[in-house]
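Reviewing the structure listed below.
In our numbering, the protein residues as written are 30 to 198.
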């Protein structure tokens with residue numbers, strides 16, 4: 030965990046440079062439409078602790094106007110020192126279901142499946158929960174916790190905390 034602090038400090042510093050003057054009240058419906066983003070994860074998976082990975086994702090949300098948002102997301106993650114082998118590339122396709130706590134905050138759950146190249150290679154299923162905060166320039170910041178389970182017998186579950194930045198269109 031002591032290695033996670035410099036990474037989190039670097040992310041916080043980067044966000045403080047990117048976001049001055051950009052945070053303000055969001056407009057209703059900002060979570061509707063296409064988006065792209067990037068994130069950094071820290072996994073807490075013995076025996077490799079911490080276990081870092083980077084990811085890029087693209088998705089689409091539908092805001093139904095009753096505080097419910099649903100969508101889909103394609104995520105590609107790379108981990109140079111994976112629990113599942115020397116390195117691993119994992120791709121997942123997830124459905125997301127969110128609730129707008131207010132115009133600027135969405136809490137959501139996600140579930141889906143995909144494939145990882147780590148270890149012997151395996152199909153995986155994943156579930157997670159998270160929250161996004163909308164800034165007034167169409168960007169969101171998000172935090173999420175997820176669990177990725179391989180179908181391959183003998184491969185361990187990965188548990189990850191992730192911070193990300195999203196550009197909404």
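Ideal Cβ positions, reconstructed from N, Cα and C, are used throughout, including at glycine.
Nonlocal neighbours in the same chain, by C-beta distance under 8 Å from residue i, ignoring five residues either side
i	result
residue 196	64, 65, 66, 167 and 168
Range of the contiguous beta strand (DSSP E) that encloses residue i
i	result
residue 197	187 to 197
Residue i, DSSP secondary structure in three states
i	result
residue 166	coil
residue 174	strand
residue 58	With a pLDDT of 48 at residue 58, under the threshold of 50, the modelled position of this residue cannot be trusted; read the value that follows with caution. Residue state, collapsed to three classes: coil.
residue 128	strand
residue 149	coil
residue 67	strand
residue 158	strand
Exposed unless 16 or more other CB atoms sit within 10 angstroms - verdict on residue i
i	result
residue 191	buried
residue 125	buried
residue 60	buried
Same chain, Cβ closer than 7 Å to residue i, five either side skipped, listed in chain order
i	result
residue 50	Caution is warranted here: a pLDDT of 46 is assigned to residue 50, below 50, making its placement in the model unreliable, and the coordinate value is therefore given only provisionally. Cβ neighbours of residue 50 beyond the five flanking positions: none.
residue 94	none
Same chain, Cβ closer than 6 Å to residue i, neighbours up to 5 away in sequence not counted
i	result
residue 161	135, 169 and 171
Cβ of residue i within 8 Å of any chain D Cβ
i	result
residue 81	Looking for chain D here will not work: only one protein chain is present.
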